[in-house]
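Note that numbering that gives the first Met the number 0 has the sequence shown beginning at 0, numbered continuously upward. Backbone N, C-alpha and C define an ideal beta-carbon position, used for all residues, glycine too. Note that the structure is a prediction, hence the values are computed from the model and not measured.
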Amino acid sequence: MTGQDSGAALRIDTSRPHPARIYDWYYGGKDNYPVDEWGYRPLP
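Structure follows, in structure tokens:
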């Protein structure tokens with residue numbers, strides 16, 4: 000092994016916008032969450 004815990008699950012934080020998902024949303028992709036759209040929209 001490489002010193003990593005093989006039982007640890009990879010977690011994706013969907014409560015915060017992520018640049019890759021914002022990019023996906025902007026170009027009409029399907030692999031994003033509402034928070035990613037909010038992360039792109041400018042503040043009022």
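7 Å CB neighbourhood of residue i in its chain, flanking five on each side removed
i	result
Trp24	Asn31, Asp35, Glu36 and Tyr39
Bounding residues of the alpha helix (DSSP H) (the contiguous stretch that carries residue i)
i	result
Val20	A quick correction: the sequence has Arg, not Val, at residue 20. Pro18 to Tyr25 is the span of the alpha helix (DSSP H), which, as asked, contains Arg20.
Asp30	Segment: none, Asp30 is in no alpha helix (DSSP H) and carries neither H nor E.
Sequence-distant residues of its chain with Cβ nearer than 6 Å to residue i (five each side left out)
i	result
Ile21	Asp35, Gly38 and Tyr39
Proximity test, residue i beta-carbon vs the ligand FAD heavy atom, cut-off 7 Å
i	result
Tyr32	Of the ligands one can find in the structure shown there are none, so the ligand FAD has no counterpart to examine.
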